[in-house]
Structures are given as structure tokens and as C-alpha cells.
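K.L.:
All residue numbers for the sequence shown refer to the working numbering, where the first residue is 5 and numbers rise by one. Even glycine gets a Cβ: it sits at the ideal position worked out from N, Cα and C. As the structure is a computational prediction, the values presented were derived from the model and not from experiment.
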Amino acid sequence: MIPFIQTIDLRIILFIEKHLNHESIQVFFSLITKLNDYGLLTILAVLLIINLYKDSQVTKICLYSILISLIIVQLLGKNIIQRPRPFEILSQLTLWIEKPTTYSFPSGHASISGIGFMLSYLYLNEKIIKFTFMALFILVTVSRLVLKVHFFSDIFFGFFIAIIIVLMVQYIILKRLSKEA
Numbered sequence: 005m006i007p008f009i010q011t012i013d014l015r016i017i018l019f020i021e022k023h024l025n026h027e028s029i030q031v032f033f034s035l036i037t038k039l040n041d042y043g044l045l046t047i048l049a050v051l052l053i054i055n056l057y058k059d060s061q062v063t064k065i066c067l068y069s070i071l072i073s074l075i076i077v078q079l080l081g082k083n084i085i086q087r088p089r090p091f092e093i094l095s096q097l098t099l100w101i102e103k104p105t106t107y108s109f110p111s112g113h114a115s116i117s118g119i120g121f122m123l124s125y126l127y128l129n130e131k132i133i134k135f136t137f138m139a140l141f142i143l144v145t146v147s148r149l150v151l152k153v154h155f156f157s158d159i160f161f162g163f164f165i166a167i168i169i170v171l172m173v174q175y176i177i178l179k180r181l182s183k184e185a
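(1) For the alpha helix (DSSP H) that contains I36, what are its first and last residues?
(2) For I6 and V170, what's the separation of their Cα atoms in angstroms?
(3) What are the start and end residues of the alpha helix (DSSP H) that includes Q78?
(4) Is the beta carbon of S108 less than 8 angstroms from the beta carbon of P88?
(5) Less than 8 angstroms between the beta carbons of P110 and G162, yes or no?
(6) What are the uninterrupted segments assigned as alpha helix (DSSP H) that are 4 or more residues long and contained completely in the region 112-175, given in chain order?
(7) Please classify A139: is it buried, with 16 or more other beta-carbons within 10 angstroms of its beta-carbon, or exposed?
(8) Which value, in whole angstroms, describes the spacing of the CA atoms of L80 and S73?
(9) With 16 as the cutoff for other CB atoms within 10 Å, does N40 come out buried or exposed?
(10) Indicate whether the contact test is met: 3 or more Cβ pairs, each with one atom in the region 8-25 and one in the region 118-132, closer than 8 angstroms.
(11) Determine contact between the region 93-100 and the region 145-165, defined as no fewer than three beta-carbon pairs at a distance below 8 angstroms.
(12) From T106 to G43, what distance separates their C-alpha atoms?
(13) Would the beta-carbon of I9 fall within 8 angstroms of that of V77?
(14) Alpha carbon to alpha carbon, how far is T145 from L157? Give it in angstroms, no decimals.
(15) Where does I17 sit, in a helix, a strand or coil, going by DSSP?
(16) What would DSSP say about E184, mapped onto helix, strand or coil?
(17) At which residues does the alpha helix (DSSP H) containing P90 begin and terminate?
(18) Is H26 buried or exposed, if buried means 16 or more other CB atoms sit within 10 Å of its CB?
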């Protein structure tokens with residue numbers, strides 16, 4: 005990692021250890037992070053979107069976005085970069101959840117939450133449902149930082165990659181659709 009980014013990452017994680025290491029905060033974020041374990045919250049949002057639209061193009065956008073994100077983040081990104089997690093670098097960190105066994109960069113939770121966030125933003129029209137999902141996806145992403153299992157750059161890039169993936173998949177599928185018409 006770039007030294008400047010590493011310095012910021014370390015300062016943020018040490019700030020969290022010092023100021024947000026209270027049981028109530030950690031228990032809250034432990035529960036929040038579980039919402040999108042295995043992409044469950046994203047799957048729920050996608051099922052809702054697919055059910056609302058009943059449109060093959062929207063279904064393709066949702067499913068291809070998830071699949072591409074899994075390939076880029078989980079299979080390629082983590083295994084190519086092989087960044088250790090914060091608790092592997094800083095032994096003084098107190099963890100309130102089970103230690104993840106995969107690499108840190110980019111964050112899988114942030115990536116799958118970014119997919120859900122962007123799909124909710126694009127395809128959920130009922131404002132209360134849209135903003136509830138979007139808020140939950142942001143909380144899940146932040147939870148990975150507060151729980152000290154990721155650095156800030158891990159979650160930032162995981163979320164950013166996901167948004168780019170959704171926009172690219174949507175562009176390609178809709179462009180292909182317009183060419184067929």
C-alpha cells in the first residue's frame with residue numbers, strides 16, 4: 005500500500021480503538037455486520053427489485069453485478085493484493101467478533117454492500133424502502149471499520165469498486181438493449 009494511505013489507515017484504526025472501543029458500540033456494529041454476512045441483505049434487496057420489476061434486463065443487471073463483484077473482489081483482489089487485516093498488524097486491537105480468515109483488501113462486505121446500495125438507489129422507488137436499505141448498506145460498510153477487521157481504504161475501495169461495477173453492467177446491458185431495438 006502507498007505509505008500515505010497506510011498512515012491514514014493506521015491513524016483511523018487507532019482512533020477507533022481508543023474512542024469507539026465500548027461494548028455497546030461494538031455489540032451494535034457486530035449485529036449490523038451480520039446483516040450482510042454472505043450478502044444476505046443484498047440478496048434481499050435484489051429479490052425485492054426483481055419482484056418489483058419482473059424485467060429480465062434489471063434481473064441481469066442485479067445478478068451480473070453480484071457475480072462480477074465476487075470475482076473481482078473475493079477471488080482476484082484479495083488474493084492478488086494479500087493485505088493483512090488490521091488486527092494482524094496491530095496486536096493491541098481488541099476484537100469483538102470472530103477473526104476473519106481472508107485478506108483485508110478490498111472489503112467483501114463493503115463491496116457486496118456497495119452493490120446493494122447502488123441497486124437500491126437505482127431501482128427502488130418507494131423512498132422509505134430505498135433509504136432504509138441504503139442506510140443499512142452504509143452501516144454494514146462502516147461496521148467493518150468500527151469492528152477493526154478492515155482499514156478505511158479497504159472499505160472505501162470495496163464500496164467504490166462495487167458502484168463502478170453496477171454502473172458499468174447497467175451501461176453495457178442497456179446499451180445492448182438499445183442496439184437490439
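P.N.:
If we stick to the structure as given:
(1) DSSP places I36 inside the alpha helix (DSSP H), whose first and last residues are E27 to K38.
(2) 27 angstroms
(3) Taken as a continuous stretch (DSSP letters only), Q78 belongs to no alpha helix (DSSP H), as it is neither H nor E.
(4) yes
(5) yes
(6) Runs of the alpha helix (DSSP H) lying entirely within the region 112-175 and spanning at least 4 residues, in chain order: 112-127 and 131-150.
(7) Result: exposed.
(8) Whole-angstrom Cα-Cα distance: 10 angstroms.
(9) Looking at its Cβ environment, which holds 16 or more other Cβ atoms inside 10 Å, N40 is buried.
(10) no
(11) yes
(12) 16 angstroms
(13) In this structure, V77 does not lie closer than 8 angstroms to I9 by Cβ.
(14) Strictly speaking, residue 157 in this sequence is Ser, with Leu absent from that position. Approximately 12 angstroms, taken between the alpha carbons.
(15) helix
(16) helix
(17) P90 to I93
(18) exposed
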